[in-house]
Amino acid sequence: MTRREPWMPAVLTLVTCGVYYFYWQYVTTEELKNATGRDDINPTTDILLTLLCCGLWSIYVQYRNAQAVHAAFQARGARHEDKSTLILILHALSALNGATGLVAILMLQDEYNKLGDLAGGGAYGSAPQTF
Numbered sequence: 012m013t014r015r016e017p018w019m020p021a022v023l024t025l026v027t028c029g030v031y032y033f034y035w036q037y038v039t040t041e042e043l044k045n046a047t048g049r050d051d052i053n054p055t056t057d058i059l060l061t062l063l064c065c066g067l068w069s070i071y072v073q074y075r076n077a078q079a080v081h082a083a084f085q086a087r088g089a090r091h092e093d094k095s096t097l098i099l100i101l102h103a104l105s106a107l108n109g110a111t112g113l114v115a116i117l118m119l120q121d122e123y124n125k126l127g128d129l130a131g132g133g134a135y136g137s138a139p140q141t142f
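Counting with the working numbering, you get residues 12 to 142 for the letters of the sequence shown.
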């Protein structure tokens, strides 16, 4: 998993009026698929369904991805707090106010970074990437 500043995807999503979110969702889902080896994760299908369902599919995608991160920690025997339910609630509430969706993005990116640190043995990703 590529290490990114957790706040950057949320800020870029806000600045680009949501366009960056689709890129971020695709890239991080692809990285998660490669990191976990799960065949049920398909970023192309996720993007298409997100667009066809007016963004509602992304609520499920973020929940599933948070669960996949937690499962990866458990598979490695590492302690990890499952934040998938909180991410689901925040992302679902974003349909009402939008701001909670940005918080969910921030939290999920932090989870991706933790998974990358675990996979890289802790020394990985010393210089965060913006994109």
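C-beta: ideal position from N, C-alpha, C; glycine also.
Keep in mind that this is a model prediction, so the values were computed, not measured.
Beta-carbon proximity check, Asp57 vs Val38, cutoff 9 angstroms: no
Out of Asp121, Ala89, Gln36, state which residue places its alpha-carbon closest to the alpha-carbon of Ile70. Gln36
Between Ser105 and Leu67, what straight-line distance do the alpha-carbon atoms span, to the nearest angstrom? 10 angstroms
Going straight from the alpha carbon of Leu129 to that of Asp121, what length do you get? Cα to Cα, Leu129 sits roughly 12 angstroms from Asp121.
Work out the CA separation of Gly109 and Leu123 for me, nearest whole Å. As written in the sequence, residue 123 is Tyr, which differs from the Leu given in the question. Each residue's alpha carbon lies about 22 angstroms from the other.
At 4 residues or longer, what runs of the alpha helix (DSSP H) sit wholly inside the stretch 13-47? Runs of the alpha helix (DSSP H) inside the stretch 13-47: 18-26, 30-47.
Is Ala46 closer than 9 angstroms to Ile116 when the C-beta atoms are compared? no
Taking the straight line between their C-alpha atoms, what separation do you get for Lys125 and Ser95? 14 angstroms
Would you give the residue range spanned by the alpha helix (DSSP H) that Glu122 belongs to? 110-130
Can you tell which of Arg87, Pro54, Arg75, Trp18 has the C-alpha that lies nearest to the C-alpha of Ile98? Arg75
Helix, strand or coil: which one does DSSP assign to Asp57? helix
Sort Leu113, Ile100, Ala77, Val114 by Cα distance to His40 and report the nearest one. The amino acid at residue 40 is misidentified as His; the sequence shows Thr. Among Leu113, Ile100, Ala77, Val114, the Cα nearest to that of Thr40 belongs to Ala77.
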